[in-house]
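Trainee: Shown below is the structure under consideration.
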Amino acid sequence: MRTHEHSGSAGRTALVTGASRGIGAAIATGLAKRGYDVVLNDIERQKNDLEGVAIDIRALGQRAEPLYADVSSKADVETMAQKALEAFGKIDVIVNNAGILIAGEVDGLPEETWDAVMDVNAKGAFMVIQALLPSMKKRGYGRIVNIASIGGKHGAPEQAHYSASKAAVMGFSRVLAQEVGPLGITVNCVCPGIILTDMGRVNLDDPLVRDAWKSKTAMARIGAPEDVVGPVAFFASDDAGFVTGQTLNVDGGIVFS
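So for the sequence shown, the UniProt record's numbering puts the first residue at 1; every next one is plus one.
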């Protein structure tokens with residue numbers, strides 16, 4: 001039996017990129033709990049983790065379709081979009097969560113590292129949206145939620161390229177919101193702060209660093225992936241039907257603008 005906390009999301013479908021672990025897995029599962037069927041995306045080497053998330057979602061009584069694609073590859077993304085539409089008939093919500101962080105100071109940063117981070121974090125969001133936008137336009141409905149980062153606003157040493165990629169996502173989202181607003185499609189960004197994930201551990205392995213980050217947040221704690229779910233679900237819902245082109249910090253109180 002299916003239960004829906006929000007009847008408005010019954011029969012809705014979401015695609016979540018980078019859904020095998022961390023924030024992506026939490027968002028995918030959180031949307032399933034709210035009645036969404038979910039297309040789960042990640043790269044092939046995350047297969048075991050992604051299948052695990054699919055099992056969790058099916059246990060909630062929702063459909064889950066794992067699709068493997070590197071979001072920085074146009075061919076991969078187009079195939080994924082086609083399969084997603086074949087599987088579910090429509091995608092109501094896109095959550096661009098796939099992201100990578102390879103730390104390094106600017107003066108020694110290899111060009112390949114800059115390109116890799118830009119390709120996944122910025123170009124990946126663009127290509128997933130571009131592949132699914134025609135189907136959203138045709139239906140006159142869509143919710144696009146791009147996971148940026150407070151790093152795109154402030155950032156930290158050794159993350160200039162990551163900061164640039166997330167700032168790019170925010171700028172892109174603001175303009176896209178203006179282009180697709182008349183068509184019934186909203187575009188918003190969520191900027192997580194310091195969240196305990198495999199990627200976040202780059203910042204958090206050292207207890208002193210962890211304590212320093214805790215002391216920087218108004219709520220005096222590090223975030224959990226689940227802390228990001230509610231804000232994403234809000235932007236995905238009809239409650240946010242008149243909200244577009246916005247950026248919401250979900251950081252326990254680090255960035256106040």
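Glycine is no exception: its CB is placed at the ideal position from the N, C-alpha and C atoms.
1) Return the first residue and the last residue of the beta strand (DSSP E) that Ala14 is part of.
2) Considering only C-alpha positions, which residue in the set Ala54, Gly152 and Thr244 is nearest to Pro182?
3) The beta strand (DSSP E) that contains Gly142, what's its start and end?
4) Tell me whether Pro66 sits in a helix, a strand or coil according to DSSP, three-state version.
5) Using the Cβ count rule (16 or more neighbours within 10 Å means buried), how would you classify Pro231?
6) Answer with buried or exposed for Val209, where buried requires no fewer than 16 other C-beta atoms within 10 angstroms of its C-beta.
7) Give me whichever residues DSSP pairs with Thr247 in a beta bridge.
8) Answer yes or no: the CB of Val145 versus the heavy atoms of the ligand HEM, is any distance below 8 Å?
9) Let me know if Gln178 comes out buried or exposed under the rule of 16 or more other beta-carbons within 10 Å of its beta-carbon.
10) Taking the straight line between their C-alpha atoms, what separation do you get for Arg143 and Ile57?
11) According to the Cβ coordinates, are Val120 and Ala14 closer than 9 Å?
12) Does the beta carbon of Ile43 sit closer than 9 Å to a beta carbon anywhere in chain D?
13) With burial defined as no fewer than 16 other Cβ atoms inside 10 Å of the residue's Cβ, what is the status of Val229: buried or exposed?
14) List the whole-angstrom C-beta distance separating Ala32 from Ala19, where the pair is believed to meet the contact cut-off of C-beta under 8 Å.
15) In the DSSP assignment, what are the bridge partners of Val38?
16) For Gly193, count the other beta carbons within 10 Å of its own beta carbon; 16 or more makes it buried, fewer makes it exposed. Which is it?
17) Taking the continuous beta strand (DSSP E) assigned at Ile43, which residues delimit it?
18) Exposed or buried, what is Gly30 when buried is set at 16 or more other beta-carbons lying within 10 Å of its beta-carbon?
19) For the beta strand (DSSP E) that contains Ile106, what are its first and last residues?
20) Round the Cβ separation of His154 and Leu109 to the nearest angstrom and send it over; I've been treating them as touching at under 8 Å.
21) Using a threshold of 9 Å, state whether the C-beta atoms of Ala156 and Ala122 are closer than that.
22) Kindly indicate the opening and closing residues of the beta strand (DSSP E) around Ile27.
23) Give me, in chain order, the residues of the same chain whose beta-carbon lies closer than 6 Å to that of Met170; leave out the 5 immediate sequence neighbours on both sides.
24) Can you round the beta-carbon distance between Leu40 and Pro66 to whole angstroms, since I take them to be within the 8 Å contact cut?
25) Buried or exposed for Gln159, please, with buried defined as at least 16 other CB atoms from any protein chain shown within 10 angstroms of its CB.
26) In three-state DSSP terms, what is Gly223?
Mentor: Here's the rundown:
1) Thr13 to Val16
2) Thr244
3) Gly142 to Ile147
4) strand
5) buried
6) exposed
7) Cys189
8) Ligands in the displayed structure: none, and consequently the ligand HEM is not present.
9) exposed
10) 21 Å
11) no
12) No chain D appears in the structure shown, which is made up of a single protein chain.
13) buried
14) About 11 Å; that fails the 8 Å criterion.
15) Ala14 and Ala64
16) buried
17) From DSSP, Ile43 is part of no beta strand (DSSP E); its letter is neither H nor E.
18) buried
19) The amino acid occupying residue 106 in the given sequence is Val; Ile does not appear at that position. From DSSP, Val106 is part of no beta strand (DSSP E); its letter is neither H nor E.
20) 19 Å between Cβ atoms; not a contact.
21) no
22) Looking at the DSSP string, Ile27 is not in any beta strand (DSSP E); the run it does join, the alpha helix (DSSP H), is Gly22 to Lys33.
23) Ala148, Gly152, Cys189 and Thr247
24) 5 Å
25) buried
26) strand
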